[in-house]
Amino acid sequence: MRLAEFLVRDEPPQTFRLLDTDTRIVVPVGKVVKMLVTASDVLHSWAIPSFGVKIDAVPGRLNETWFQADEIGTYYGQCSEICGIRHAYMPIVVEVVSEEDFKLWVEKARAEYAEAPGSTRLASAGRQVH
Ligand SMILES: [Cu+2]
Numbered sequence: 001m002r003l004a005e006f007l008v009r010d011e012p013p014q015t016f017r018l019l020d021t022d023t024r025i026v027v028p029v030g031k032v033v034k035m036l037v038t039a040s041d042v043l044h045s046w047a048i049p050s051f052g053v054k055i056d057a058v059p060g061r062l063n064e065t066w067f068q069a070d071e072i073g074t075y076y077g078q079c080s081e082i083c084g085i086r087h088a089y090m091p092i093v094v095e096v097v098s099e100e101d102f103k104l105w106v107e108k109a110r111a112e113y114a115e116a117p118g119s120t121r122l123a124s125a126g127r128q129v130h
């Protein structure tokens, strides 16, 4: 089980090259979504141009931002900070769904991610965060 988004390497024909991920962020339409952003290795930047959102992901820090998507759909972004040799392969996908579909997704995600580890290791802090 993976919680993070990763680039889809063997892309089906209907996907955009280098823009699809194996796990998508799912949010409800018309709601304010608060984001807490960090990094575990180097500086990155989380950006979805359609939302007008771009925020640095900094190891050892939490940055905060928000967005509100007013139309159902699929939105694409990429890391927007030149972060290293794999920079070109860091897509971001956000699915904006109806309130009803979001509730269904939450139920499914609870079951799928219930076995997730209870802690995350932050590289710069060198300690466990619960
Ligand atoms: Cu990056």
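At position 57 of the sequence shown (counting the first as 1) the number is 57 in full-length UniProt numbering, and the numbers step up by one without a gap. Every residue, glycine too, gets a C-beta built ideally from N, C-alpha and C. Bear in mind that the values here come from a model prediction, so they are computed numbers and not experimental data.
Whether or not the region 98-105 and the region 74-90 are in contact is what I'm after, with contact meaning three or more pairs of Cβ atoms, one per stretch, closer than 8 Å; do they touch?
No, because fewer than three Cβ pairs between the region 74-90 and the region 98-105 fall closer than 8 Å, the two stretches do not touch.
Check this for me: beta carbons of Leu7 and Thr38, under 7 Å apart or not?
No, these two residues do not count as a Cβ contact at 7 Å.
I'd like the span of the alpha helix (DSSP H) that includes Val106, first residue to last.
Residues Glu99 to Tyr113.
Measuring CA to CA, which of Asp41, His87 and Val32 is closest to Thr65?
The shortest Cα separation from Thr65 among Asp41, His87 and Val32 belongs to Val32.
Threshold first: 3 residues or longer. Then list the beta strand (DSSP E) segments lying entirely within the region 7-89, N to C.
For the region 7-89, whole beta strand (DSSP E) runs of length 3 or above, ordered along the chain, are 25-28, 32-37, 44-48, 53-57, 63-68 and 73-78.
Label Ala88 either buried or exposed according to how many other C-beta atoms from any shown protein chain fall within 10 Å of its C-beta, with 16 as the threshold for buried.
Answer is exposed; the Cβ neighbour count stays below 16.
Just checking Met90 against ligand 1 - is the residue's beta carbon closer than 6 Å to any of the ligand's heavy atoms?
Met90 Cβ: within cutoff of ligand 1.
Leaving aside the five residues before and after Thr15 along the sequence, list all residues of the same chain whose C-beta is less than 7 Å from its C-beta, in chain order.
For Thr15, where only same-chain residues beyond five positions count, the Cβ hits under 7 Å are Val8.
Between the beta-carbon of Ser45 and the beta-carbon of Lys54, is there less than 7 Å?
In contact: Ser45 and Lys54 (Cβ atoms closer than 7 Å).
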